[in-house]
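Mapping of the sequence shown onto full-length UniProt numbering: position 90 corresponds to residue 90, and the numbering continues sequentially without gaps.
Using N, Cα and C, we set each Cβ at its ideal position, and we do this for glycine too.
In this text the structure is predicted, and so the values were computed from the model without any measurement.
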Amino acid sequence: MSHPFQESLSNIEKRLEELTNAVTKKQERIFDKVIINNDEFQKLFKISPGTAANWREKGLIAYSQINNKIVYKIEDINKMLDDNYRPFKK
């Protein structure tokens, strides 16, 4: 006969694992998209709206603006990462 505390701990661990898997899947899916909006872009890089605007003004990231909505192509984000890549020095 198992202890009730042990059962609830087991349930918590199981739920935590399910939530971890769900979060991981959601994070991976952002690169499956073709475009992301400005909020997603800022969250992805953990930057402020001002920094995102600065990157656009400097030409660091290509973007599309439709009325007031700004979107980015994932391929352009990958290009920005490649263009700013600094390999390890040997």
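- Across the structure, residue 67 and residue 42 are spaced so that their CA atoms are roughly 19 Å apart.
- Sixteen is the threshold: when 16 or more other Cβ atoms of the shown chains lie within 10 Å of the Cβ of residue 72, as they do, the residue is buried.
- Ranked by Cα distance from residue 45, the options 88, 78, 9, 89 are led by 78.
- Taking the C-beta atoms as reference points, residue 38 is found no nearer than 8 Å to residue 22.
- Note that the C-beta distance between residue 70 and residue 33 is not below 8 Å.
- Looking at the DSSP output, residue 90 shares a beta bridge with no other residue.
- Residue 80 and residue 61 have their C-alpha atoms roughly 6 Å apart.
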